[in-house]
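Structure record follows, encoded as C-alpha cells.
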Amino acid sequence: MLGLERSDAELSSTVLQPNADLVREIFREACSYCTGKMRLSEQEVVTRLQSGCPNAHSYFRYSLVRELTAYLQKVDDKLKAVYLFGSSLEEYVQLTSNINILVWVTQRSPALDSLLSWFEARFLEEYKRLLGTRVQRMSTLLDTHIITDDDVAHKVGYASLVGSMHKPALKIWERTAC
C-alpha cells in the first residue's frame, strides 16, 4: 500500500517523506470511517465537520490518528505506541481544536521529528481545504508529543497520561513483541 521498502537499520535513521496523496487518502479514510459510524453520506459527514459537530469531529480525529499511526508504525521501528488525549476525546471537541497525540518511542530520532513536522503541515493544509473558511486561521492541527520509556517510567510531563487513573490517554496502537 505505502510502497516503502527499507531495511531495519534505515527505518529510524532516514527521513521518509511520503507523498501528498497519502494525506488525502488518510483524510478519505477518516471520512469513510465517519460515514460508517454516523450512518451518513460522505457529504453529510463533511457538512457536519464544517458545522463543528462534536461527534463527527471525535470520530474523524480518531480515524486520522489511527491512519497516521498505521503509516508511522511501518516506517519507524522505534515506535512503541500511539495515544490520543485531550479535547479529541471529549464532548466539547471543536472545529478548531488540536488533535492531541502521544507518540511513545524507544528512542527519539530526528527522522521521526521531521516526518511528524511534514505530516503536521500537510494535515493542516488538507484540513483547511476540507473544512473551509471557519478554520483558515488555524496554525496547527496535530499537537504531537514524543515520549520515551524513561518518560513513561517516571511519569514525566505528558507521559503521565499513559495509564493515568484520572484522565488516561486512549491507546490507538501498540507494537506487539515478536
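In numbering that gives the first Met the number 0, the protein residues as written are 0 to 177.
Note that CB positions come from ideal geometry on N, CA and C, so glycine has one too.
Keep in mind it's a predicted model, so treat the numbers as computed, not measured.
query	result
Here's a check: name, in chain order, each residue in its chain whose Cβ is nearer than 7 angstroms to the Cβ of glutamine 135, leaving out the five neighbours to either side.	Lys127
Evaluate tyrosine 91 with the Cβ neighbour count: other Cβ atoms within 10 Å of its Cβ, from every protein chain shown; 16 or more gives buried, anything less gives exposed.	exposed
Compare the C-alpha of alanine 176 against each of Phe84, Arg107, Lys77 and name the closest.	Lys77
Within 10 angstroms of the Cβ of lysine 178, are there 16 or more other Cβ atoms? Answer buried if so, exposed if not.	This structure gives no information on residue 178, because the portion of the chain shown stretches from 0 to 177.
Alpha carbon to alpha carbon, how far is aspartate 75 from glutamate 4? Give it in angstroms, no decimals.	For glutamate 4, the pLDDT reaches just 44, beneath the cut-off of 50, and the residue's location in the model is therefore unreliable, leaving the point undetermined.
Just checking, does the segment 19-38 make contact with the segment 57-77 on the three C-beta pairs under 8 angstroms criterion?	yes
Per DSSP, which residues does isoleucine 146 bridge with? Please list them.	Trp103
Taking just the CA atoms, how far does serine 96 sit from threonine 41?	In the sequence on display, residue 41 carries glutamate and not threonine. Computed Cα separation, rounded: 22 angstroms.
Which residue's Cα is closest to the Cα of proline 17: Ala158, Leu129, Leu111?	Leu111
Helix, strand or coil: how does DSSP classify alanine 168 here?	coil
From leucine 115 to histidine 144, what distance separates their C-alpha atoms?	10 angstroms
Rounded to whole angstroms, what is the Cα-Cα separation between serine 159 and arginine 133?	33 angstroms
Please work out which residues of its chain come closer than 6 angstroms, Cβ to Cβ, to valine 22, disregarding the five sequence neighbours upstream and downstream, and give them in chain order.	Arg121, Glu125
Over what stretch of residues does the beta strand (DSSP E) that includes valine 92 continue unbroken?	Premise fails: valine 92 is in no beta strand (DSSP E) and is neither H nor E.
So for alanine 176, helix, strand or coil by DSSP?	coil
Closest by CA to aspartate 150, which one among Phe84, Ser86, Gln106?	Gln106
How is the alpha helix (DSSP H) around leucine 123 delimited, first residue to last?	109-130
Could you spell out the range, first to last residue, of the beta strand (DSSP E) harbouring leucine 140?	Segment: none, leucine 140 is in no beta strand (DSSP E) and carries neither H nor E.
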